[in-house]
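Reminder that position 150 of the sequence shown reads as 270 in this note's numbering, one-by-one numbering, no gaps. Let me begin by presenting the structure, written as structure tokens, before commenting on it.
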Amino acid sequence: MAALRALQGEKLAWLLAHPVPVVSLTFGLPEPGDIAALRRAGSRVFATVTTPAEASLARDAGVDGLVVQGSSAGGHSATLDPVRIPGPIPTATLLRRVLREVDLSVVATGGVDGPQAVRALLDVGAQSVAVGTLLLRTDEAGTSPTHRRALGDPSFVETVFTQAFTGRPARALRSGFVSRHPDGIVGYPAPHHLARALRQAAGAAGDADRLHLWAGTGWRSAPTGPAADVVRHLAGVVEPVETPSRVVEPIETPSRVVEPIETPSRVVEPVETP
Ligand SMILES: Cc1cc2nc3c(=O)[nH]c(=O)nc-3n(C[C@H](O)[C@H](O)[C@H](O)COP(=O)(O)O)c2cc1C
Numbered sequence: 121m122a123a124l125r126a127l128q129g130e131k132l133a134w135l136l137a138h139p140v141p142v143v144s145l146t147f148g149l150p151e152p153g154d155i156a157a158l159r160r161a162g163s164r165v166f167a168t169v170t171t172p173a174e175a176s177l178a179r180d181a182g183v184d185g186l187v188v189q190g191s192s193a194g195g196h197s198a199t200l201d202p203v204r205i206p207g208p209i210p211t212a213t214l215l216r217r218v219l220r221e222v223d224l225s226v227v228a229t230g231g232v233d234g235p236q237a238v239r240a241l242l243d244v245g246a247q248s249v250a251v252g253t254l255l256l257r258t259d260e261a262g263t264s265p266t267h268r269r270a271l272g273d274p275s276f277v278e279t280v281f282t283q284a285f286t287g288r289p290a291r292a293l294r295s296g297f298v299s300r301h302p303d304g305i306v307g308y309p310a311p312h313h314l315a316r317a318l319r320q321a322a323g324a325a326g327d328a329d330r331l332h333l334w335a336g337t338g339w340r341s342a343p344t345g346p347a348a349d350v351v352r353h354l355a356g357v358v359e360p361v362e363t364p365s366r367v368v369e370p371i372e373t374p375s376r377v378v379e380p381i382e383t384p385s386r387v388v389e390p391v392e393t394p
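Set out below in structure tokens:
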């Protein structure tokens, strides 16, 4: 823990010396004084939350805005309690509940599979919408070849929360490894580091059965091609993109434009995403 705190201190010092437009927090909240210092340095600070209670904590800590992450999101849940597997909740429902408690700018994320989902979240009150899974097969994504193949492989039939790879709940395609290790493993980040060799070997061997195949519930709608096409499609300005399993229906009226990069975006790493 002391090492982790020292690392956080180093990151904070760096960000205060080299301010960036947006600092996005996940997995925890720093001290309110640290958030205030980042804001004084000129950064807008966003925290990812998965419940109304976490949203209230983030507001009380002084953030500028929230990333509200529904349980259908791919990859690690941002839950502040890594022992808790988030209960199933549609992102729009969570967003409604959060907005009843907290009056902050909100980026909604989790399970977005097309422009209708974007429009629904904007209609509930999100200022913008973020996606992860829909970009995983695009040209620009750093997704490993094994992960890419798995996302288009019809033999994967569902996504589930698993703690097996890292000790933190994360949504992934159900593989043999996930099914064989259903018990809660806690203690992130230690299991994450301990299992690294396994993940690296699985990636190198093209063994999707043992690789952490992070994916949100919208994975079947993830297309190949340029990322810009996905963003344009989500904003409702182009024809639907062909996906491996189905074609997303176009929406009838142009939706509100998705705000682009004012909000925190995260680089999706291929094999070693925390
Ligand atoms: C492959 C992958 C890696 C991710 N890595 C991170 C990460 O390192 N940090 C983080 O806060 N969120 C991470 N996320 C979660 C995303 O920030 C976002 O909440 C999620 O992708 C949104 O849901 P969607 O995947 O259904 O679009 C990751 C998601 C995916 C799919």
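Here a beta-carbon is modelled for each residue, glycine too, at the ideal position from N, C-alpha and C.
beta-carbon residue i near ligand 1 non-hydrogen atom, thresh 6 Å
i	result
Gly129	no
Gln189	yes
Gly296	no
Ala324	no
Gly148	no
Val183	no
Ala228	no
Val140	no
Ala328	no
Ala246	no
Val350	no
Thr253	yes
Val306	no
Val232	yes
Limits of the beta strand (DSSP E) - the one that residue i falls within
i	result
Leu186	Gly185 to Gln189
Ser341	Here Ser341 belongs to no beta strand (DSSP E), and DSSP marks it neither H nor E.
CB of residue i within 7 Å of CB of residue j, strictly
i	j	result
Leu224	Leu186	yes
Gly230	Thr211	yes
Tyr411	Pro202	The chain is shown only over 121 to 394; residue 411 falls outside these bounds and no answer can be derived.
Arg217	Pro172	yes
Thr286	Ser192	no
Gly234	Ser341	yes
Ala328	Thr266	yes
Ala246	Leu333	no
Thr199	Thr170	yes
Val298	Ala284	yes
Bridge partner(s) assigned by DSSP for residue i
i	result
Gly195	Arg291
Val143	Val165
Val227	Val187 and Ser248
Trp334	Ala292
Enclosing alpha helix (DSSP H) for residue i [first to last residue]
i	result
Leu158	Pro152 to Arg160
Phe297	Gly296 to Arg300
Thr213	Thr211 to Glu221
Ala315	No alpha helix (DSSP H) contains Ala315, which DSSP labels as neither H nor E.
Val238	Pro235 to Val244
Ala173	Pro172 to Ala181
Asp349	Ala347 to Leu354
Original post:
What runs of the alpha helix (DSSP H), each 4 residues or longer, lie entirely inside the stretch 248-288?
Top reply: 265-271
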